[in-house]
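Visitor: Here the protein sequences line up with chains A and B, keeping their order. Per our numbering, numbering of the first sequence is gapless, rising by one per residue and ending at 397. Per our numbering, numbering of the second sequence is gapless, rising by one per residue and ending at 1079. The structure follows.
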Amino acid sequence: MAEGKKYVTPKLDELEKGPWPSFVKEIKAAAQKSPMAAALLGQLEQSYDEKIGHWKHGGIVGVVGYGGGVIGRYSDLGDKYPEVAHFHTIRINQPAGWFYTTEALRGLCDIWEEHGSGLTNMHGSTGDIIFLGTTTDQLEKVFSKLTALGFDLGGSGSDVRTPSCCNGMARCEWACYDTMKVCYNLTMAFQDEIHRPAFPYKFKMKMAGCPNDCVAAIARADLSIIGTWKDEIQQDDEMIKKFADEGLDIQRQIVSRCPTRCMDWDGKKLTINNENCVKCMFCINSMPRALAPGKERGAMVLLGAKAPIVQGAQLSSVLIPFIDLEDEESWNDLKQLLENIWEVWCEEGKNRERVGEFALRVGFGNFLEAIGLEPRPEMVAYPRDNPYVFYQTAKKE
Amino acid sequence: MAEMTVEQLADAMYEMIKEAKGMKKYKATDLQKAMAERFGADKQTCKQAIRLLMDSGRCIYTYFGGSYIEIPPDQPPAP
């Protein structure tokens, strides 16, 4: 590919200074070979000058048969920067846990250098592999080469977005269930829903192996599956003593920071009232090897998180307090639950209304009844902060 | 009411989209609801009909703040 026109970019140059990684540096490197990347620098500098974005998005772009995976992007300065007049984004379904062979990565980069700007985002906030910048006529060619390499497009628009998970049991000792297996199975089970938008709005699924929630499922996913345990925190008293001997102030730094005050330290022995533990992971993260999640592990299924778009941000609420996800029955239960949720939401949801907003609008009790779930105490969103419970002393007759 | 085939449902959906062209955009759920109301069609058959419309190129998905099903334009859209 030929080198593109060079633009003077004093504002962007400022972003190259400092010890941190710079996207400007990477775009400049790509511009050595890609005229698209060079023009992108020009348009971006102009945007910084004018404090105005120059991208339009949406419209009619995609590959035959698919409704998701390609996000149409056009420049409103197409005459000035013709190389980026069309600058579509492609979302590619990432492997669960983001594990690649170098061969696969080279294959992806080769495709994109041939048919696009060469710029990638590994990975986008959706979890997908993001290819940034190509023209409409290149889309089918890219898709064809991606499928030959074993990749498929991800979700976009009003569909099931590409399911995403932490790398769970592959690398993390805290993982309470096999996130990558669940992510893969959900992706394969709902291919139609990923590629053919049929919902009122987007539907995101994220799987976190433990309550640390490294994929931020509780804040961002319409359906969050977060690892948890039923029994007691595993405790190695020898290791706890070693932490104390090495200078960790267990009373001040661990016990007094427990959100439910369910721990006690007498200077020698740590006692945990597990019934009161809300599984915040603070003590476990602070004393690895001394404390660990219990042995009876599984996951909690939550519904309704979203970032602010049409309405404000929302955190998830519990739907299923504990599910094993190892046996066929619980797996079928989860799939049936999803079908039920989609059925009700598609029937009654408004256009661009996320499922969490819908549940809030109709009332969580009504929503539970419609999807066939019995209400349980664990579903109360703020169990220790209910402002509608008042205690009054009994009046004497 | 006689059961509709996937092809017949696809034709009915196509007509609905064609009649509304330029006035209203339909989402997949709008089409499913309309077919269920008019012909008692089930969700699965509706999905197959939409897939048929897409794979044959008679309809395309578009995105304008949400995903819609439309008849492709005669000319590619201007950037």
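Backbone N, C-alpha and C define an ideal beta-carbon position, used for all residues, glycine too.
1. Establish whether the CB of A:Ser-317 and some CB of chain C are separated by less than 7 Å.
2. Taking CB distances under 7 Å as the criterion, tell me whether A:Ser-144 reaches chain B.
3. Excluding the 5 residues flanking A:Tyr-201 on each side, which residues of the same chain have their C-beta closer than 7 Å to its C-beta?
4. Name the DSSP bridge partner or partners of A:Ala-292?
5. In angstroms, rounded to a whole number, what distance separates the CA positions of A:Lys-181 and A:Gly-209?
6. Looking only at its own chain, which residues have a Cβ that is under 7 Å from the Cβ of A:Met-281, when we skip the five neighbours before and after it?
7. Quick one: Cα of B:Met-1016 to Cα of A:Trp-229, how far?
8. Using a Cβ cut-off of 7 Å, pull out every chain B residue sitting near A:Arg-352, in sequence order please.
9. Answer yes or no: do A:Glu-50 and A:Leu-12 have a C-beta to C-beta separation smaller than 7 Å?
10. Helix, strand or coil, according to DSSP, for A:His-86 in the structure here?
11. When we look at the beta-carbon of A:Asn-93 and count the other beta-carbons within 10 Å, is it buried (16 or more) or exposed?
12. Between which residues of its own chain and A:Pro-321 is the CB-CB distance below 7 Å, once the five residues before and five after are set aside?
13. I need the DSSP call for A:Asn-366, collapsed to helix, strand or coil.
14. Rounded to whole angstroms, what is the Cα-Cα separation between B:Phe-1064 and B:Lys-1021?
15. Taking the beta strand (DSSP E) that B:Arg-1051 falls in, what are its first and last residues?
16. Do A:Ile-71 and B:Thr-1062 have their CB atoms nearer than 7 Å?
17. Check each candidate in B:Gly-1066, B:Ser-1067, B:Cys-1059, B:Lys-1033 and name the one with the smallest Cα separation from B:Asp-1074.
18. Show which residues of chain B have a CB atom less than 8 Å away from the CB atom of A:Ile-52.
19. The ligand HEM and A:Ser-256: does the residue's C-beta get closer than 6 Å to at least one heavy atom of that ligand?
20. Under the three-state reduction of DSSP, which class applies to A:Trp-55: helix, strand or coil?
21. Return no unless some Cβ of chain B is closer than 7 Å to the Cβ of A:Ser-158.
22. According to the Cβ coordinates, are A:Leu-41 and A:Ile-27 closer than 7 Å?
23. Any beta carbon from chain B within less than 7 Å of A:Gly-399's own beta carbon?
24. Using three-state DSSP, classify A:Trp-98 as helix, strand or coil.
25. Using the rule of at least 16 other Cβ atoms within 10 Å of the residue's Cβ for burial, across every protein chain shown, is A:Arg-297 buried or exposed?
26. So is B:Asp-1042 in contact with chain A if we call contact Cβ pairs under 7 Å?
27. Would you check if the distance between the CB atom of A:Asn-285 and the CB atom of A:Cys-262 is smaller than 7 Å?
28. Between A:Thr-120 and A:Ile-272, what straight-line distance do the alpha-carbon atoms span, to the nearest angstrom?
29. In the DSSP assignment, the alpha helix (DSSP H) including A:Leu-334 goes from what residue to what residue?
30. Could you pull out every unbroken alpha helix (DSSP H) segment of at least 4 residues lying fully inside the stretch 231–285 of chain A, listed in chain order?
31. Distance check for A:Cys-214 and A:Asp-327, CA to CA, integer angstroms please.
32. When the distance is taken between beta carbons, is A:Ser-117 closer than 7 Å to A:Ser-47?
33. Return the residue from the list A:Gly-58, A:Trp-98, A:Gly-68, A:His-115 that minimises the CA-CA distance to A:Ala-37.
34. Starting from A:Gly-298, trace the beta strand (DSSP E) in both directions and tell me its first and last residue.
35. On the three-state DSSP scale, how would you describe A:Pro-377?
36. List the residues that DSSP assigns as beta-bridge partners of A:Lys-206.
Guide: Considering the structure as presented:
1. No chain C is part of this structure, whose protein chains are labelled A and B.
2. Residue 144 of chain A sits at position 144 when you count from the first residue of the first sequence. Chain B, which has no Cβ nearer than 7 Å to the Cβ of A:Ser-144, makes this no.
3. Taking the first residue of the first sequence as position 1, residue 201 of chain A is located at position 201. Cβ neighbours of A:Tyr-201 within its own chain (closer than 7 Å, five residues either side excluded): Ser-158, Arg-352, Glu-353, Arg-354.
4. The residue you call residue 292 of chain A lines up with position 292 of the first sequence. A:Ala-292 pairs with A:Gln-234.
5. By 1-based counting over the first sequence, the position of residue 181 of chain A is 181. By 1-based counting over the first sequence, the position of residue 209 of chain A is 209. Computed Cα separation, rounded: 11 Å.
6. Taking the first sequence and counting its residues from 1, the one referred to as residue 281 of chain A is at position 281. Excluding sequence neighbours, A:Met-281 sits near Cys-210, Pro-211, Asn-212.
7. Counting from one through the second sequence, the residue named residue 1016 of chain B turns up at place 16. Counting from one through the first sequence, the residue named residue 229 of chain A turns up at place 229. Rounded to whole angstroms, B:Met-1016 to A:Trp-229 spans 51 Å at the Cα level.
8. As a first step, residue 352 of chain A must be located in the first sequence, where it is residue number 352. Neighbours of A:Arg-352 on chain B, chain order: Gly-1065, Gly-1066.
9. In the first sequence, residue 50 of chain A corresponds to position 50, counting from 1. In the first sequence, residue 12 of chain A corresponds to position 12, counting from 1. Result no, Cβ atoms of A:Glu-50 and A:Leu-12 do not sit closer than 7 Å.
10. Translated into positions along the first sequence, residue 86 of chain A becomes position 86. In the structure shown, A:His-86 sits in a strand (DSSP, three-state: E or B).
11. As a working note, residue 93 of chain A is residue 93 in the first sequence. Counting Cβ neighbours within 10 Å, A:Asn-93 comes out buried, since at least 16 surround it.
12. Here residue 321 of chain A refers to the residue found at position 321 when the first sequence is read from its first residue. Cβ-Cβ distances below 7 Å link A:Pro-321 to Met-300, Arg-376, Glu-378 in the same chain, with the five nearest sequence neighbours on each side left out; the list follows chain order.
13. Here residue 366 of chain A refers to the residue found at position 366 when the first sequence is read from its first residue. Here A:Asn-366 sits in helix by DSSP.
14. As a position in the second sequence, residue 1064 of chain B is number 64, starting the count at 1. As a position in the second sequence, residue 1021 of chain B is number 21, starting the count at 1. Each residue's Cα considered, the two are about 15 Å apart.
15. On the second sequence, position 51 is the one that residue 1051 of chain B refers to. Here B:Arg-1051 belongs to no beta strand (DSSP E); instead the alpha helix (DSSP H) covers 1043–1055.
16. Residue numbering aside, residue 71 of chain A sits at position 71 when the first sequence is read from its first letter. Residue numbering aside, residue 1062 of chain B sits at position 62 when the second sequence is read from its first letter. Not in contact: A:Ile-71 and B:Thr-1062 (Cβ atoms no closer than 7 Å).
17. Residue mapping note: residue 1074 of chain B aligns to position 74 of the second sequence, counting from 1. Looking at the Cα atoms, B:Cys-1059 is the closest of the given residues.
18. Residue numbering aside, residue 52 of chain A sits at position 52 when the first sequence is read from its first letter. Simply none; closest approach about 18 Å.
19. As for the ligand HEM, it is missing from this structure, which has no ligand bound.
20. Here residue 55 of chain A is taken as the residue at index 55 of the first sequence, counted from 1. In this structure, A:Trp-55 counts as strand in the three-state DSSP scheme.
21. Along the first sequence, read from residue 1 onward, the residue named residue 158 of chain A stands at position 158. Chain B, which has a Cβ nearer than 7 Å to the Cβ of A:Ser-158, makes this yes.
22. Counting from 1 along the first sequence, the entry for residue 41 of chain A is found at position 41. Counting from 1 along the first sequence, the entry for residue 27 of chain A is found at position 27. In this structure, A:Ile-27 lies closer than 7 Å to A:Leu-41 by Cβ.
23. Residue numbering for chain A in the displayed model covers 1 to 397; residue 399 of chain A lies beyond these limits and cannot be assessed.
24. Indexing the first sequence from 1 puts residue 98 of chain A at position 98. Per DSSP, reduced to three states, the secondary structure at A:Trp-98 is helical.
25. On the first sequence, position 297 is the one that residue 297 of chain A refers to. It is buried - the Cβ of A:Arg-297 has at least 16 other Cβ atoms within 10 Å.
26. Residue numbering aside, residue 1042 of chain B sits at position 42 when the second sequence is read from its first letter. With 7 Å as the cut-off, B:Asp-1042 does not count as an interface residue toward chain A.
27. Start at 1 with the first residue of the first sequence, and residue 285 of chain A comes out as number 285. Start at 1 with the first residue of the first sequence, and residue 262 of chain A comes out as number 262. No, the pair does not count as a contact, with Cβ atoms beyond the cut-off.
28. In the first sequence, counting from the first residue as 1, residue 120 of chain A sits at position 120. In the first sequence, counting from the first residue as 1, residue 272 of chain A sits at position 272. Taking the straight line joining both Cα atoms gives about 47 Å.
29. As a first step, residue 334 of chain A must be located in the first sequence, where it is residue number 334. Per DSSP, A:Leu-334 belongs to the alpha helix (DSSP H) from 328–348.
30. Note on the stretch 231–285 of chain A: whole alpha helix (DSSP H) runs with a minimum of 4 residues are 237–245, in chain order.
31. As a working note, residue 327 of chain A is residue 327 in the first sequence. As a working note, residue 214 of chain A is residue 214 in the first sequence. Straight-line Cα distance between these residues: approximately 25 Å.
32. For the purposes of this step, residue 47 of chain A is taken as the residue at position 47 of the first sequence. For the purposes of this step, residue 117 of chain A is taken as the residue at position 117 of the first sequence. The answer is no: Cβ separation not under 7 Å.
33. The residue you call residue 37 of chain A lines up with position 37 of the first sequence. Proximity to A:Ala-37 across A:Gly-58, A:Trp-98, A:Gly-68, A:His-115 peaks at A:His-115, based on C-alpha coordinates.
34. By 1-based counting over the first sequence, the position of residue 298 of chain A is 298. It spans 297–303 - the beta strand (DSSP E) in which A:Gly-298 sits, taken as one unbroken run.
35. Looking up residue 377 of chain A in the first sequence gives position 377. Here DSSP, grouped into helix, strand and coil, assigns A:Pro-377 to helix.
36. Position 206 of the first sequence holds residue 206 of chain A. Paired residues: A:Ser-164, A:Ser-224.
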